[in-house]
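According to our numbering, the stretch in the sequence shown is residues 819 to 1396, in order. Ideal Cβ positions, reconstructed from N, Cα and C, are used throughout, including at glycine. Input: a single structure, listed below in structure tokens.
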Amino acid sequence: MLIVLCGLILGLSPPLASAKQSQQERSSDRYIHQLDDLSALWSFYKQTYIQHGRVVSLDEQGITTSEGQGYAMLRAVWSNDRATFNTVWTWTKQHLQVRDDKLFAWKWKGAVLDKNSATDADTDIALALVLAARRFDHPPFEQDALAIIHSIWDREVIRIGSRAYVTAGNWARDEDYPTIHVAYLAPYAYEIFASVDAHHPWAHAIESSYAILHWLYDEEALPVPPELIYLNRQTGHFTVRHPVTGASASFSYDAFPIYWRIALDATWFGRSEGPLRQQMLGFFQREWKAQGKFVDHYSLKGLPLSSNEGLPLYATVHALAFQEQDDLARLLSEKKLAHLEASALAGKRLPYYFQNWLWFDQALSLSQVRHYDEFLGFLRPFDVVGFSAHFPWELFAVTVLLYLVATWHPVLKFAFLICGFSLCLRYLYWRLFHTLNFMESGGPFISIALWAAELYAFSTVLLLFIQVGAGWRHQPVRPLEPATPAFAPSVDVFIPIYSESCEILEKTLIGASAMEQAHKRIYVLDDSHREEVCRLAERFGATYIKGPRQHAKAGNLNHALTQTDGELIVIFDTDHIP
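The following block contains the structure:
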């Protein structure tokens, strides 16, 4: 039976037997690796693009935009990187929040180059502050956010009837035909704003955002949205062409984020907008089947105006496809994004704009993009699926069962010890080959040092087992008989005390007084010199000795030894009741 049991144990424990190489990698393993990659992308981005809190667009002549600052703040919150968040927010306040309201100048290089605001950046920064207040438990961030939210409503939102339209910036609100930037629409953010700002009807901004999208896809029947549309103040109608200049926007980089933003809104708040989301993906399904790629510039009829691939577009469309079209999401991931992500992880220089949207897409698909107000949200950090996948439930169950019956027979005790040590070795194996961090600076030193500490802890248990033994050869020891029947040595019972309460001492004195020993004397060794201790000792007939208050307990005991003459000495701490 023991041989069979040991064979079962060895089969269950990778450290003691070769792992089954034919098994496919578990989904939880992939998830863990993807989280590591996401963290590595953020670390690379920080080291490459963030300089003392300033996000530098290296492929755009080194400018800094409020948009880039907002992206970095959101990524820092979702990466749980408070230090970077604080640094970026401090720089943003000092250098971009320079207007007469709480909005942000959108462009900076050595000084403010354009003091106008960009609504997408203002929205992202305000949202990041609300989320940071929740994640980092720092309410002042929410107060900063509220000031920005109020300014967004006052300077960047137009009310027409019951609708509230979010325009492209502070400059658009005063135009004859206010400009609306389609990709700036962020209904998920307006929902969050409504939860902290009771003074403005942000629900109207959510309604108008979806009204614009329905107008584009249902009434205008456009395959892709333009970057800009225009609002007629008098009628409340939209136009794709500017009513005065006749200018019409096309579909390019500034429109790409709308797919990710709608995907995030669906993830956080659901919305019964499934048909609209399907319409938004329709063009890209057809384009992929026909061309196998997306370019970075299309006419509003869906005709390509460029031969360059739209790298950020792959990421933002993938985010929406991940919600609605599994096949398209899988194809984009396998054919385009996997290779691009590998290049980014290898440190290859990719466009700054793509670096951001690649990370946002991956973070959303890995459920790392959160608003931190979810029901039972405190349970989310624990990866139940990953834990269950790696935890050896069978071996653990066998170990627990053997523990319950280990005292029945030496063979069962031996089997229990094998199981217990197998669990420890399996854990150390998993830590060594699946958890060490070699991606980030300092990662190898920290992770290997922690593993070595755990190995040391296991070695102490193993050495203790070797020294003490398993106990299956233990024989009961016969009590020693006195040399002569009349032998009865005197016993001095020492009870040292310093700061313990008299209630604890009293219980120990009761136990010492009840000891069955003919020639015993009880001594209370008091290093605190308290009168109540002296009175308590006298009450129980114990001798009270003031301690020297030198060398702690050892000094107290040595001092008492010079004043007593018992043949045997028994020492009980104040809280050790005999």
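Let me make sure I understand the geometry here. Which of Leu-1379, Leu-1155, Leu-1327, Glu-1349 has the alpha-carbon closest to that of Gly-1359?
Nearest option by C-alpha distance: Leu-1327.
Please say whether Pro-1043 and Ala-1073 have beta carbons closer to each other than 9 Å?
yes
Who are the Cβ neighbours of Arg-1059 in its own chain at under 6 Å, not counting the five residues just before and after it?
Excluding sequence neighbours, Arg-1059 sits near Ser-1066.
Quick one: what does DSSP say Trp-989 is sitting in, helix, strand or coil?
Reduced to three states, the DSSP call for Trp-989 is coil.
For the segment 1023-1035 against the segment 978-992, do three or more pairs of beta-carbon atoms, one drawn from each stretch, fall closer than 8 Å, so that the two count as touching?
yes
Name the one or two DSSP bridge partners that Val-1342 has.
Ile-1313, Tyr-1362
Less than 9 Å between the beta carbons of Gln-887 and Arg-872, yes or no?
yes
Coil, strand or helix - Arg-981 by DSSP
strand
Assign His-1060 to one of three DSSP states: helix, strand, or coil.
coil
Pick out whichever of His-1018, Phe-954, Lys-1154 has its Cα sitting closest to the Cα of Glu-970.
First, the residue type needs correcting, since residue 970 is Ile and not Glu in the sequence shown. Ranking His-1018, Phe-954, Lys-1154 by Cα distance to Ile-970 puts His-1018 first.
Since Leu-1049 sits in a beta bridge, which residues does DSSP pair it with?
In the DSSP output, where bridge partners are listed per residue, Leu-1049 has Phe-1056.
Cβ-Cβ distance between Leu-859 and Ala-1162 below 9 Å
Yes.
Quick check on Met-1098: buried or exposed, where buried means 16 or more other Cβ atoms within 10 Å of its Cβ?
buried
Buried or exposed for Asp-942, going by 16 or more other Cβ atoms inside 10 Å?
buried
Where does the unbroken beta strand (DSSP E) through Val-1388 begin, and where does it stop?
Here the beta strand (DSSP E) through Val-1388 covers 1386-1389.
Are the Cβ atoms of Leu-949 and Ala-1181 separated by less than 9 Å?
no
Beta-carbon spacing of Ala-1001, Ile-1076 below 9 Å
Their beta carbons are under 9 Å apart, which means Ala-1001 touches Ile-1076 by this criterion.
Asn-1050 to Tyr-995 span [Cα, whole Å]:
5 Å
If you drop the 5 nearest sequence neighbours on each side, which residues of the same chain put their C-beta closer than 7 Å to that of Ala-1224?
If we look at Ala-1224 and ignore the five residues flanking it on each side, its Cβ neighbours are Leu-1230, Lys-1231, Phe-1234.
Stretch-stretch touch, CB-based, cutoff 8 Å, three pairs: the segment 1084-1100 with the segment 1005-1019
yes
Please work out which residues of its chain come closer than 6 Å, Cβ to Cβ, to Tyr-1362, disregarding the five sequence neighbours upstream and downstream, and give them in chain order.
Same-chain partners within the cutoff: Val-1342, Cys-1352, Ala-1355.
DSSP-derived helix/strand/coil call for Gln-912
In the structure shown, Gln-912 adopts helical secondary structure according to DSSP, grouped into three states.
Keeping to the same chain, check which residues put their C-beta closer than 8 Å to that of Arg-973; ignore five residues upstream and five downstream.
Asp-919, Leu-921, Ser-935, Asn-988, Arg-991
So, for Pro-832: in the same chain, excluding its five sequence neighbours on each side, which residues have a beta-carbon less than 7 Å away from its beta-carbon?
Interpretation of Pro-832 is limited by its pLDDT of 44, a score under 50 that renders its predicted location unreliable; the figure taken from the coordinates is listed afterwards. Excluding residues within five positions, the ones whose Cβ falls inside 7 Å are Arg-1244, Tyr-1247.
Comparing alpha-carbon positions, which option in Leu-1094, Asp-1015, Thr-1063, Ala-1156 lies nearest Ala-1039?
Leu-1094
Ser-875 - DSSP class collapsed to helix/strand/coil
Annotated three-state conformation of Ser-875 is strand, per DSSP.
Kindly give me the distance between the Cβ atoms of Arg-1339 and Gly-1384, rounded to whole angstroms, as I take these residues to be in contact under 8 Å.
The beta-carbon separation of Arg-1339 and Gly-1384, rounded to 6 Å, stays under the 8 Å limit for a contact.
Below 8 Å, can you find three or more Cβ-Cβ pairs linking the segment 924-935 to the segment 956-968?
no
Could you check where the alpha helix (DSSP H) with Asp-932 kicks off and where it finishes?
No alpha helix (DSSP H) holds Asp-932; the beta strand (DSSP E) holding it covers 930-932.
To the nearest angstrom, report how far apart Tyr-863 and Ala-1139 are at their CA atoms.
25 Å
Pick helix, strand or coil for Trp-926, following the three-state DSSP scheme.
strand
First and last residue of the beta strand (DSSP E) that includes His-999?
997-999
Can you tell me which residues form a DSSP beta bridge with Glu-1127?
Val-1113.
Who are the Cβ neighbours of Leu-853 in its own chain at under 7 Å, not counting the five residues just before and after it?
Leu-1184
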